[in-house]
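*Asks:*
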Amino acid sequence: MRPWHRTFARYYTSVTRITKRHRYFYIFARKLFRMKKGVFNLRSFTSFSLLLSTIIMSWSGIILYIAPAGRVANWTNWQLMLFTKSEWQALHTIFSYLFFILFVIHLFFVNWKAFLTYLRSKVKSGLNRKWELVAASFMTIVFFIGTLRAWFPFGPTMEFGEKVKASWEKTYQNPPVSHMERFTLQQLGSTFRGVSVPEMVKALSDSNIIVSDTTLTLEVIAAKNKIAPVRIYEILSATFSSQKNSTTRLAPAGLGKMTIKDVAASLEKDPADLIKVLKDKGVNAGEETTIRTVAEALSLSPQEVYGLFKGQ
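Numbering (our numbering), first residue to last: 939 to 1250.
1) Nearest by alpha-carbon distance to L1142: which of N1163, M1019, L1238, T1078 is it?
2) Given that a residue counts as buried once 16 or more other Cβ atoms are within 10 Å of its Cβ, and exposed if not, what is P1006?
3) Note down the Cα distance separating W1026 from G999, rounded to an integer number of angstroms.
4) Along the alpha helix (DSSP H) that carries L1216, what are the first and last residues, could you check?
5) If you measure between the beta carbons of A1223 and I1213, is that distance less than 8 Å?
6) Are the beta-carbon atoms belonging to W997 and P1167 less than 8 Å from one another?
7) Can you round the beta-carbon distance between K1195 and T1228 to whole angstroms, since I take them to be within the 8 Å contact cut?
8) In the DSSP assignment, find the alpha helix (DSSP H) that holds S1034 and state where it starts and stops.
9) If contact is defined by three or more beta carbon pairs under 8 Å, each pair taking one atom from either stretch, is the segment 975 to 993 in contact with the segment 1010 to 1024?
10) Does the distance from the C-beta atom of Y1003 to that of G1099 stay below 8 Å?
11) With the cut-off set at 8 Å, would you say L1174 and F1130 are in Cβ contact?
12) Quick one: using the 10 Å Cβ neighbour count with 16 as the cut-off for buried, is P1209 buried or exposed?
13) Any idea if L1057 is buried or exposed, counting beta-carbon neighbours within 10 angstroms, 16 or more meaning buried?
14) Give the range of the alpha helix (DSSP H) segment to which V977 is assigned.
15) Going along the chain, which unbroken runs of the alpha helix (DSSP H) with 4 or more residues stay wholly within the segment 1102 to 1142?
16) Compute the Euclidean distance between the alpha carbons of S991 and A1052, then round it to the nearest angstrom.
17) Using the rule of at least 16 other Cβ atoms within 10 Å of the residue's Cβ for burial, across every protein chain shown, is R1009 buried or exposed?
18) Mapping the DSSP letters down to three states, classify L990 as helix, strand or coil.
19) Along the chain, where does the alpha helix (DSSP H) containing L1205 start, and where does it finish?
20) Taking the C-alpha atoms as reference points, what is the distance between A1233 and L1193?
21) Check whether the Cβ atoms of H1030 and L988 sit closer than 8 Å, and answer yes or no.
22) Should N1146 be labelled buried (16 or more other beta-carbon atoms within 10 Å of its own) or exposed?
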């Protein structure tokens, strides 16, 4: 059977004259669609894909290393380089899976014969690069254990990332309650006491925010209206200001990472008084001691420690 482009050319010639323009189109189409055996190289495709996947996976990992905590990022719709934190997380996860799949293809489909030949030769002749194998294994073990035990420089590296994450909270507003974006309007009623759900819906409607379903979370409502969840809370706070925002009586978000000095400032109390309360309970602490550390020492939750400080 003749190739399709030859058949097409003969038929086309018999029907109409082939002008220069038609001839150029025919030559371009023939070159475009003519696929010879072996044109698509799986080895090159896998190599290029591995390179691109590595770049995206590494870059998204760096972004997530410095990104704010989820409670802040989700509450304010934090973005960096056009993408939100959840989108960066999705990119990092999917391309990590893609990298693994490409690795399997690269090893078991592209280089399987070469890999088997290499193994057989090493089994027969012995491993020539023993020290390299030992060094690579040792380095991997050190990195693995060092990361888990927070050895230097792994521990300081992670601590630096936590400091960068915490620094975003100076620029972006912290939610009154951790992950409040997951609250429904009905759950938000415990925050704005005495305010019904229909009243909240009306207040939002007056601000051109459509609430199609009161069972939806603030995050979903905000996404449908292309705003941040914090904007919904700001509107409700401004509308029902007579309630004076009862969330001020709740424990602040990110309480576990706060120090005694931070909590004392939020409660307008002297840090020495809070330290004395802990000392009376047999816990030695300083101004820079975190609430999570205090909670573990007292076998309490951070919220219970906060309540203890409020009531002292």
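Positions of the beta carbon are idealized from the N, C-alpha and C atoms, including for glycine.
*Replies:* A quick look at the data gives this:
1) N1163
2) buried
3) 8 Å
4) 1209 to 1218
5) yes
6) no
7) 6 Å
8) 1023 to 1043
9) no
10) yes
11) yes
12) buried
13) exposed
14) Taken as a continuous stretch (DSSP letters only), V977 belongs to no alpha helix (DSSP H), as it is neither H nor E.
15) 1123 to 1126
16) 24 Å
17) buried
18) helix
19) 1198 to 1205
20) 11 Å
21) no
22) exposed
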